[in-house]
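Residue numbering for the sequence shown follows my numbering, starting at 66 and increasing by one per position.
Note that CB positions come from ideal geometry on N, CA and C, so glycine has one too.
Bear in mind that the values here come from a model prediction, so they are computed numbers and not experimental data.
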Amino acid sequence: MPEKKLNQKRKEFNKEKMVGIWSLVSLEVTDENGQKTYPMGEDATGFIMYHPQGYMSAQIMQSGRPQYASGEVLSGTQEEMAAASNGYLAYAGPYQVDEINKMVTHHMAVSLYPNWLGDTQPRYLDIKGDTLEITSQPVFFNGKEHNTKLIWKRVS
66 MPEKKLNQKR KEFNKEKMVG IWSLVSLEVT DENGQKTYPM GEDATGFIMY
116 HPQGYMSAQI MQSGRPQYAS GEVLSGTQEE MAAASNGYLA YAGPYQVDEI
166 NKMVTHHMAV SLYPNWLGDT QPRYLDIKGD TLEITSQPVF FNGKEHNTKL
216 IWKRVS
């Protein structure tokens, strides 16, 4: 790619544009037939943060998760803890940005979902004003291709 086009692509998108705190607007999964689902509910809430030093954190939760009957942070029943975990997604670690291809790679140093520990996951990015759209590469489950799209609104 000629240098002039590379520089234009970098102007359109760069790491500095994504640094900050973003609040979740929506998380949707679309299957190959166009059927949309909302795995954390249509009213899911959360934040994703990108630090200028190359670290990020993502937290997403289902609204209306039941509280522990005991009221103590580490004293839920097995059922309460399972329900709380099932309605929450969290991970953090370093990230790298590919400005030319508008991609970010998240390196999961910590994760609520243990299978993601040490994993790297590329994401496609689109930033328009104060809106960040993140899409994942297609994944296959239940015999169908699924695409995940998250829309975030800039907080700071």
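Query, Result
"Would G136 and I125 qualify as a contact pair, given that the criterion is a beta-carbon distance under 8 Å?", "no"
"According to the neighbour-count rule (16 or more other Cβ atoms, all chains shown, within 10 Å of its Cβ), is G141 buried or exposed?", "buried"
"With 16 as the cutoff for other CB atoms within 10 Å, does G183 come out buried or exposed?", "exposed"
"What is the DSSP secondary structure of N79, reduced to helix, strand or coil?", "coil"
"Pull up the distance between the alpha-carbon of E145 and that of P131, whole angstroms please.", "8 Å"
"What first and last residue would you give for the alpha helix (DSSP H) that runs through A148?", "143-151"
"Just confirm the distance between the C-beta atoms of T213 and T196, as a whole number of angstroms; I'd bet it's less than 8 Å.", "The Cβ separation is near 17 Å, so there is no contact."
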